[in-house]
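Residue numbers (our numbering): 403 to 518.
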(Lines of atoms letter the chains of each structure in order from A and count residues from 1; the text may use other names and numbers.)
(Lines give C-alpha, C1' and ligand atoms only; values in the text may rest on other atoms or scores of the structure.)
Protein backbone atom coordinates (compact mmCIF):
# COMPACT_ATOMS: atom_id res chain seq x y z
CA UNK A 1 0.00 0.00 0.00
CA UNK A 2 1.35 3.40 -0.98
CA UNK A 3 1.07 6.32 1.39
CA UNK A 4 1.14 9.95 0.32
CA UNK A 5 2.23 12.47 2.92
CA UNK A 6 1.74 16.19 2.42
CA UNK A 7 3.67 18.93 4.17
CA UNK A 8 4.14 22.68 3.96
CA UNK A 9 0.69 23.92 4.85
CA UNK A 10 0.05 26.65 7.37
CA UNK A 11 -1.15 30.17 7.97
CA UNK A 12 -0.07 32.89 5.56
CA UNK A 13 -1.11 36.47 4.95
CA UNK A 14 -2.83 37.49 1.73
CA UNK A 15 -0.25 37.99 -0.99
CA UNK A 16 2.11 35.53 0.62
CA UNK A 17 3.54 32.26 -0.63
CA UNK A 18 3.65 28.65 0.46
CA UNK A 19 5.20 25.53 -1.01
CA UNK A 20 3.44 22.22 -0.50
CA UNK A 21 5.19 18.89 -0.88
CA UNK A 22 3.76 15.42 -1.24
CA UNK A 23 6.03 12.42 -0.86
CA UNK A 24 5.08 8.85 -1.65
CA UNK A 25 6.19 6.01 0.61
CA UNK A 26 7.72 4.21 -2.35
CA UNK A 27 8.60 4.83 -5.95
CA UNK A 28 5.68 4.57 -8.30
CA UNK A 29 5.65 2.27 -11.32
CA UNK A 30 3.27 3.01 -14.13
CA UNK A 31 2.31 6.49 -13.00
CA UNK A 32 -0.41 8.20 -14.99
CA UNK A 33 -0.65 11.53 -13.19
CA UNK A 34 0.03 13.37 -9.96
CA UNK A 35 -2.16 16.18 -8.81
CA UNK A 36 -3.29 18.53 -6.08
CA UNK A 37 -6.89 19.02 -5.00
CA UNK A 38 -8.45 21.24 -2.38
CA UNK A 39 -11.63 21.38 -0.37
CA UNK A 40 -12.87 24.46 1.40
CA UNK A 41 -15.47 24.29 4.19
CA UNK A 42 -18.93 23.73 2.76
CA UNK A 43 -17.62 23.21 -0.76
CA UNK A 44 -16.87 20.24 -2.95
CA UNK A 45 -13.34 19.08 -3.58
CA UNK A 46 -11.85 20.68 -6.68
CA UNK A 47 -8.84 20.05 -8.84
CA UNK A 48 -6.08 22.61 -8.37
CA UNK A 49 -3.33 21.30 -10.63
CA UNK A 50 -2.33 18.06 -12.33
CA UNK A 51 0.75 16.87 -14.16
CA UNK A 52 0.46 13.87 -16.47
CA UNK A 53 3.01 11.31 -17.69
CA UNK A 54 2.82 12.83 -21.18
CA UNK A 55 4.00 16.12 -19.75
CA UNK A 56 0.70 17.96 -19.84
CA UNK A 57 -0.02 20.31 -16.95
CA UNK A 58 -3.44 21.70 -16.17
CA UNK A 59 -4.51 24.26 -13.61
CA UNK A 60 -7.81 25.43 -12.26
CA UNK A 61 -8.64 28.82 -13.75
CA UNK A 62 -8.67 30.33 -10.29
CA UNK A 63 -4.98 29.55 -9.70
CA UNK A 64 -3.47 30.04 -13.16
CA UNK A 65 -0.48 32.34 -13.03
CA UNK A 66 -0.19 32.01 -9.25
CA UNK A 67 0.39 28.28 -8.59
CA UNK A 68 2.98 25.98 -10.11
CA UNK A 69 3.00 22.20 -9.93
CA UNK A 70 6.25 20.29 -10.32
CA UNK A 71 7.69 16.85 -9.56
CA UNK A 72 10.95 15.07 -9.05
CA UNK A 73 12.40 12.72 -11.66
CA UNK A 74 11.05 9.58 -9.99
CA UNK A 75 7.49 10.91 -9.62
CA UNK A 76 7.93 10.14 -5.93
CA UNK A 77 7.47 13.73 -4.81
CA UNK A 78 5.23 16.40 -6.22
CA UNK A 79 5.22 20.06 -5.25
CA UNK A 80 2.78 22.93 -5.39
CA UNK A 81 4.30 26.39 -5.27
CA UNK A 82 1.60 28.87 -4.34
CA UNK A 83 2.11 32.61 -4.69
CA UNK A 84 -0.08 35.71 -4.40
CA UNK A 85 -2.33 33.76 -2.07
CA UNK A 86 -5.87 34.96 -1.49
CA UNK A 87 -8.30 34.27 1.34
CA UNK A 88 -10.36 32.19 -1.08
CA UNK A 89 -7.42 29.82 -1.42
CA UNK A 90 -8.06 28.69 2.15
CA UNK A 91 -8.76 24.96 2.09
CA UNK A 92 -7.43 21.53 2.88
CA UNK A 93 -5.04 20.60 0.11
CA UNK A 94 -4.62 16.93 -0.76
CA UNK A 95 -2.32 15.27 -3.21
CA UNK A 96 -3.32 12.46 -5.51
CA UNK A 97 -1.62 9.82 -7.61
CA UNK A 98 -3.22 7.77 -10.36
CA UNK A 99 -1.62 4.74 -11.96
CA UNK A 100 -2.03 3.15 -15.38
CA UNK A 101 -3.47 0.01 -13.75
CA UNK A 102 -6.42 2.02 -12.44
CA UNK A 103 -5.29 2.33 -8.84
CA UNK A 104 -5.19 5.70 -7.22
CA UNK A 105 -4.00 7.10 -3.90
CA UNK A 106 -4.77 10.13 -1.73
CA UNK A 107 -2.85 11.95 0.93
CA UNK A 108 -4.42 12.90 4.24
CA UNK A 109 -4.42 16.60 3.42
CA UNK A 110 -2.74 19.70 4.76
CA UNK A 111 -4.50 22.88 5.86
CA UNK A 112 -3.73 26.14 4.11
CA UNK A 113 -5.20 29.25 5.69
CA UNK A 114 -4.84 32.65 4.07
CA UNK A 115 -5.77 35.38 6.50
CA UNK A 116 -4.50 38.67 7.88
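Where a beta carbon is used, it is the ideal one built from N, C-alpha and C, also for glycine. None of the values given here were measured: they were computed from a predicted structure.
Cβ neighbours of residue 467 within its own chain (closer than 6 Å, five residues either side excluded): none. Between residue 437 and residue 414, the C-beta spacing is not below 9 Å.
Annotation for residue 460: the continuous beta strand (DSSP E) segment containing it runs 459 to 461.
With contacts defined as CB atoms closer than 9 Å, residue 486 and residue 419 qualify as a contacting pair. Your pair residue 430 and residue 478 checks out as a contact, with CB atoms roughly 7 Å apart and the cut at 8 Å.
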